[in-house]
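Residue numbers (our numbering): 11 to 954. Even for Gly, the Cβ is constructed at its ideal location relative to N, Cα and C. The structure appears below as structure tokens.
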Amino acid sequence: MADQKRLFLLDAYALIFRGYYALIKNPRINSKGMDTSAIMGFVNSLFDVIKREKPDHLAVCFDKGGSTERTEIFPEYKANRDETPDAIKVAVPFIQEILKAMHIPVVVLEGWEADDIIGTLAKQAEKEDYKVYMVTPDKDFGQLVSENIFMYRPARMGNGIEIWGIPEVQKRFGVERPEQVIDYLGMMGDASDNIPGLPGVGDKTAKKFLQEFGSMEELLANTDKLRGKMKEKVEENAELGLLSKKLATICIDCDVKFNAENYELSMPDSTKVQEIFEELEFRRLKDQFIKIFSGEQDSSAEKATKEVTKPKQSQEAGSGQFSLFGNNGDVGATIKEVSGRNTIKDVSHLYQSVTGGMALELFLQNLMQQSQVCFDTETTSLNPLEAELVGIAFSWEAAKGFYVPFPEEKDEAQALIEQLRPFFEAEGIEKIGQNLKYDIKVLQKYNIVVKGKLFDTMLAHYLINPDMRHNMDVLSETYLNYTPISITELIGKKGKNQLSMRAVPLDQQTEYAVEDADITFQLANHFRPELAQANTEKLFNEIEIPLLRVLADMEMEGINLDKEFLNSLSEDLESDIEQLVQKIYKEAGQEFNIASPKQLGEILFDKMKLVEKPKKTRTGQYSTAEDVLSYLAKDHEIIRNVLEYRGLSKLKSTYVDALPEQVAPSTGRVHTAYMQAVAATGRLSSNNPNLQNIPIRTERGRQVRKAFIPRDENHILLAADYSQIELRIIAALSKETTMIEAFKNGEDIHASTASKVFNIPLDEVTREQRSNAKTVNFGIIYGVSAFGLSNQTELSRTEAKELIETYYKTYPKLRNYMSDQIDFARENGYVQTVLGRRRYLKDINGSNQVVRGAAERNAINAPIQGSAADIIKIAMINIYNKLEAGNYRTKMLLQVHDELVFDVYKPELEELKVMIKTEMENAFQLEVPLVVELGEGDNWLQAH
């Protein structure tokens, strides 16, 4: 019916855990060091339901104390689960506070699980003619589905929401009636809940039994129809099967009562919700909350999910009427946007535009008298190669500043920047900015070199809190309690209708631009003592800031690209891919879409039955993820061909076809951007295009490097690569004598390791033994397990385990170092590189074994990776300074992990080979010598 009311019941812990683990590789950490991933994930799911569905009634159900009934009959129920991560323990009270402030009912019942509460409420509401949506990713709820009860599986990983009614449950579980899902779960068990099930019965067998017998009881009554070992197993475990079915049954008569009035969605306490979001530093969620509850809706949110959406009913709030989500009530007027942060309207400020004549002269005189000035360019583009100056803002006192607008005509703009040249070139004036590299690159186009001391607030904060975001708006709101003007207020959202900054009236330009300079100036003063407190001032002033200038020059220089070669390579790849496609079709016995995970899974696991119990995704389809297929590749040619097909297809689309499109029209070269404030370890990241991820382990991948060439026939590419720098660092840091001596003697470290581990003379080490030793050498700092080593080599798991144990016996100091690093991290909350760069590890003392294990691995490898990053940065700065001081024509172009690539003017080659090798090998003194290998050629592949 069109007017049938709808009740949404949220499975709290399922959504909380889902939100936490969805962000496990990139957790959301606020400035207080709190992991807010679980809270953010849950609130996002809640808001998505409210925004998308505009429900009449809604409640959130929590577990409390687990299921007394289930643990009484089976004490091992859920006993295999890891302890709840600390971040989730901390999150739950915040989530309950948010729900309380939003006036959303929370339903909890001691001794019962949320599944049982939801089941009971769903069946009660159904009797009162409600459509009920159980919001959960948990498949067990399929047993409750009926004509008016649905599973609502939230969106995840780019996939949209899924609503499971009776047909979807029938298809997913192979049942006639949803209640048979209980039998399905009882038969095959559930590892996550430690429900044992019937031994030997998996997904396919359970579905087969249900089609033949219809229920667990009927199966057990007809075991005479079974054959062989399966008959034995089922008969021997009949009681276990019945117990498993009972454990899997969601209760629908626990002691809760559905009272429609209590579950109506009502107006939240806007002030309280926003206060909590302020405390958690949820800027975007706060903005989203204001939009949702002021009637501003996304067009996408207006869509109903397979249901007819009726107009929302008015509800009472005090003595007045309002419509929560409908179009008939002016909620925007009802809700006052309460914000704990100031804006430009709240703060007394003096921002002035300077438009020439006497005003400009007086401004310049005042400017040149300052010791510290923050400046910020306003331009026509985010791409510095295309950007033209619209204006420059200056501030050297809080809440005050100036804006110098620039004319559009190039000669006039150049004449104006010439008047500002003395400031930019003044060695005695410190220049402050946020992401100064961009401003420096823009000014380079006007032949302006920014001299003097620099202070970049983005880089300062990166050293203070590397895991947090570093954009100015976030920093302003976090540290200054101030929300800046949004750029979209001036020029609109991205798209064809977005304005140029030139089209914005001067008074608005002035307010926006000077506010940015003012805020950045204040942030710099806030961060200076924090840098000192973290002992990272030297790292900031001697590494990150000088490197900023180096990277700006490298990015502006770019690298030459052989587009004709790439076009030819693209054709070759097309041919290779087509040959693989035909091989795969032949092996599969039919044509299908190889790029479709669903179709590929059905071919490999339904038709070809390559695995008895294939892994499945949350949506129920077969997993064809890289790790799943790689594990099976040794035994199946079709999988090896599929992986090669994927690799070549990605290579073609990501690099071979894409690189020519990224050549800048103004230079004819490719200009990557190096991100200094992304990787918490200190490594640089390459972007647009990413030149650090070009695959080099395959022949075709290496061919891509052939497309990078010198600027002309008078130049040659030179590649300088640190040899095994991470192993040298771990040898030095661990003071592992045996390894140190091997490096000092110039031995092949992998052969040396193999010799010691396998207890054979160095000259008798086989290629395979060296390869296995190499895998352990590099894997050990990433916590490689016997399982992982076995997958990467031809060794059995037992052999891999023995090899790792022998390795640690051979290098005892290495194991001690690893333990010491973990102990240091537990005591201090961080580890650090040879230069004092800190990696904070908030989960190092956590109770969840999986999360704590990841932090322990980071405690070991972060100082090694980070030290390698620090060392190559020192080398880059020193080499750059020598190239500048010597007025050489040679340019440094690329940094890719442990390698530097130069465009060398041929007459300078021999001299610079000596200088580059010397500077890199002496960038930092370790107990182990650093060794650099040089290569040269007419393309990057030749040079490498």
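Cα-Cα separation between residue i and residue j, rounded to whole angstroms
i: Tyr-853; j: Met-564; result: Contrary to the premise, residue 853 reads as Asp rather than Tyr in this sequence. Cα-Cα distance, rounded: 37 Å.
i: Leu-370; j: Val-364; result: 6 Å
i: Val-211; j: Thr-843; result: 51 Å
i: Lys-15; j: Leu-473; result: 53 Å
i: Glu-929; j: Asp-200; result: 59 Å
i: Lys-581; j: Glu-574; result: The sequence shown places Glu at residue 581, rather than the Lys named in the question. Answer to the nearest angstrom: the Cα atoms are 11 Å apart.
i: Leu-131; j: Val-266; result: 7 Å
i: Ile-260; j: Ser-202; result: 16 Å
i: Leu-399; j: Met-482; result: 20 Å
i: Gly-207; j: Glu-612; result: 26 Å
i: Leu-372; j: Ser-510; result: 30 Å
i: Tyr-413; j: Gly-401; result: 7 Å
i: Glu-920; j: Asn-871; result: 36 Å
i: Tyr-641; j: Glu-894; result: 51 Å
i: Asn-577; j: Gln-802; result: 34 Å
Per-residue burial, residue i [other beta carbons within 10 Å of its own, 16 or more giving buried]
i: Pro-394; result: buried
i: Ile-83; result: exposed
i: Val-938; result: buried
i: Ser-606; result: exposed
i: Gly-692; result: buried
i: Ala-542; result: exposed
i: Leu-772; result: exposed
i: Tyr-792; result: exposed
i: Phe-797; result: exposed
i: Asn-272; result: exposed
i: Gln-221; result: exposed
i: Val-860; result: exposed
i: Met-11; result: A caution first: Met-11 carries a pLDDT of 45, below 50, which makes its placement in the model unreliable, though a value can still be read off. By the neighbour-count rule (16 or more Cβ atoms within 10 Å), Met-11 is not buried but exposed.
i: Ile-98; result: buried
Own chain residues within Cβ distance below 6 Å of residue i, not counting five before or after
i: His-681; result: Glu-565, Gly-568, Ala-674
i: Leu-845; result: Leu-549, Asp-880
i: Gln-779; result: Ala-764, Phe-768
i: Leu-25; result: Phe-52, Ser-55
i: Ser-77; result: Glu-123
Other residues of its chain near residue i: CB distance less than 7 Å, five sequence neighbours each side excluded
i: Val-155; result: Met-161, Trp-174, Gly-175, Ile-176, Val-179, Pro-188
i: Ala-878; result: Ile-735, Glu-736, Ile-739, Asp-908
i: Gln-106; result: Val-116
i: Asp-477; result: Ile-39, Ala-690, Tyr-850
i: Lys-463; result: Glu-440
i: Asn-545; result: Gly-846
i: Asn-232; result: Phe-223
i: Asp-139; result: Gln-14
i: Gly-711; result: Leu-661, Ile-704, Pro-705
i: Gly-184; result: Lys-217, Leu-220, Gln-221
i: Glu-347; result: Caution applies to Glu-347, whose pLDDT of 35 falls short of 50 and renders its modelled position unreliable; the value that the coordinates give is listed next. Same-chain partners within the cutoff: Ile-300.
Same chain only: Cβ atoms within 8 Å of residue i, ignoring 5 sequence neighbours per side
i: Pro-975; result: One cannot answer for residue 975 here, as it falls past the ends of the chain, which runs 11 to 954.
i: Arg-431; result: Ile-458
Those residues which DSSP pairs with residue i across a bridge
i: Glu-407; result: Lys-410
i: His-725; result: Tyr-915
i: Glu-946; result: Leu-728
i: Gly-678; result: According to DSSP, which records beta bridges pairwise, Gly-678 is partnered with nothing at all.
i: Trp-174; result: Met-161
i: Arg-848; result: Gln-842
i: Asn-603; result: Bridge partners of Asn-603: none, in fact.
C-beta contact flag for residue i and residue j at 7 Å
i: Arg-715; j: Trp-950; result: yes
i: Gln-609; j: Phe-602; result: yes
i: Phe-18; j: Leu-56; result: no
i: Phe-433; j: Leu-485; result: no
i: Ser-47; j: Tyr-30; result: yes
i: Ser-857; j: Glu-93; result: yes
i: Gly-75; j: Glu-120; result: yes
i: Phe-404; j: Ala-523; result: no
i: Ala-397; j: Val-452; result: yes
i: Asn-651; j: Ile-594; result: yes
i: Tyr-890; j: Glu-918; result: no
Proximity test, Cβ basis, 7 Å: residue i and chain B
i: Tyr-827; result: Any reference to chain B falls outside this structure, which holds one protein chain only.
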